[in-house]
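Numbering (the numbering used here), first residue to last: 267 to 594.
We put the beta carbon where it would ideally sit given N, CA and C, even for glycine.
Input: a single structure, listed below in C-alpha cells.
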C-alpha cells in the first residue's frame, strides 16, 4: 500500500539515508557519485524535521537563532533548484513526475534502496539515458519527496532550462575534473607558485577563481574578489564566492561539497573531523575522502570543483541533551 510506503519513507533518518546512498554508490555514474552524497548532507532530515515541528513563525525563528542558521536550509523554497549541481538535474522535471507516480503505487515492505533502483531504471528508459546517470538524481527525488510530502512534491517542477549549461557529456566532465591547469613551458620548475582553478558553480560557465598551490580555498576566493551570484546574509563584501567568518573551523560558515577527486586536497585535520558532528553533517563525511569539507581548512594542489550550500549553521545542537529533553 502506498500509505505504508509513505510511512516508511517518512521514518527514514539521516543514518539510514547514509547507508542507502552508500549502497548505491558503485552504481551511480562518477559524475554524480560525490554529488549524491553531498545533496543528502546539504539537506539533512533532522533539520527538516526540526523546522517542520516549529509551531509558529516565532518558534521557527527562535530555532534558527539557536542553531545559528544563515541562508535557506528548507527544501520547501528551493526543491527544484537544490540538486542543480548534479549532472542528472537535467532530467529533474521528468524524474520528479515519475517518482511521484511511482510512490503513489509503491509498497512499504520493499527496501527503499530497491525502490530507488527500480524507479531509476524506469526513468532511464523515459529520458533515454543510462541507469547510472539517473540513479543519483532519483535518490535525491525520493529524499525531496520525504521532506516535502506527497502533495507538495507532486507539483510540477518550476519552469526553467534544466541542464542548459551542461554542454559536455558526463564522461567529459569527469575527465575535466581530473585535469589540472598547465603551468607553461617551464612548469616543471615551479613549486609553490603553481596555480590551479577552483570551479564553484560547475553547471554554469565562468564561476571560478585561481588558487596558488596549497593555498586554502577561502583565502584564494577572497583574493579573487568575485561575488557569488546567489548572495544572501552570509556574504560580506570582498569575501568572494565562499562565505566565511572565522577561518579557524569554528563557525562552519564555509562548508562546501567537493565534486572532483579528493586526492588533490589536503586531508581533513583532527580538528575539522571533530567539527563535522558539531555542524551536523557527519553522516555523509568520511576521513580522507570526505566530500564535505570546511573550505578554510582545505588546501589544494590541483584543480578543484566544489559546490556551495544554500545555508550554514550548527545543527549538531539538535543532538544536545537539552534539545533531546525538550522533545521528550
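| Item | Value |
| --- | --- |
| Do you know how far the Cα of residue 523 is from the Cα of residue 506? | 17 Å |
| From residue 490 to residue 269, what distance separates their C-alpha atoms? | 51 Å |
| Please return the same chain residues whose Cβ sits closer than 6 Å to the Cβ of residue 382, not counting the five positions on each side in sequence. | 404, 405, 408 |
| Do residue 400 and residue 386 have their C-beta atoms within less than 8 Å of each other? | yes |
| Please classify residue 596 as buried or exposed, where buried requires at least 16 neighbouring CB atoms within 10 angstroms. | Past the boundaries of the shown model lies residue 596; the chain is included only from 267 to 594, so the question cannot be answered. |
| Below 8 Å on the Cβ atoms is my guess for residue 464 versus residue 484; work out the distance and round it to an integer in Å. | Not quite, the Cβ-Cβ distance comes to about 10 Å (not below 8 Å), so this is no contact. |
| Look at the alpha carbon of residue 368 and the alpha carbon of residue 290, and state the distance between them as a whole number of angstroms. | 19 Å |
| If you compare alpha carbons, which of 314, 374, 572 is closest to residue 297? | 572 |
| What residue range does the alpha helix (DSSP H) around residue 476 cover? | Counting along the chain, residue 476 falls outside any alpha helix (DSSP H), though it belongs to the beta strand (DSSP E) covering 474-478. |
| What residue range does the beta strand (DSSP E) around residue 523 cover? | 521-524 |
| Excluding the five sequence neighbours on either side, which residues of its own chain have a C-beta within less than 8 Å of the C-beta of residue 461, listed in chain order? | 447, 449, 476, 477, 478, 479 |
| Between the beta-carbon of residue 428 and the beta-carbon of residue 358, is there less than 8 Å? | yes |
| Going straight from the alpha carbon of residue 379 to that of residue 471, what length do you get? | 34 Å |
| Extract the residue ranges of the beta strand (DSSP E) inside the stretch 504-545, only unbroken runs of 3 or more that lie entirely within it. | 521-524 |
| Short of 6 Å in beta carbon distance, which residues of its chain neighbour residue 532, apart from the five on each side in sequence? Order them along the chain. | 565 |
| For chain C, check one thing: does any of its Cβ atoms lie closer than 8 Å to the Cβ of residue 399? | Protein chain content of the structure displayed is limited to a single chain, and chain C is not contained in it. |
| Is the CB-CB distance between residue 301 and residue 402 below 8 Å? | yes |
| From the DSSP output, in three-state form, read off residue 356 for me. | helix |
| Roughly how many angstroms separate the alpha carbons of residue 388 and residue 416, rounded to a whole number? | 20 Å |
| What ranges does the alpha helix (DSSP H) occupy inside the stretch 400-449, keeping only unbroken runs of at least 4 residues that lie completely in it? | 416-420, 436-444 |
| Going by C-alpha to C-alpha distance, which of 466, 578, 395, 352 sits closest to residue 515? | 578 |
| Just how far apart, CA to CA, sit residue 287 and residue 474? | 29 Å |
| Three-state secondary structure (DSSP) at residue 560? | strand |
| Under three-state DSSP, which class holds residue 302? | helix |
| Per DSSP, residue 482 forms a beta bridge with which residues? | 565 |
| Whole angstroms are fine: how far does the CA of residue 459 sit from the CA of residue 276? | 51 Å |
| Mind checking whether residue 366 and residue 420 have CB atoms under 8 Å apart? | yes |
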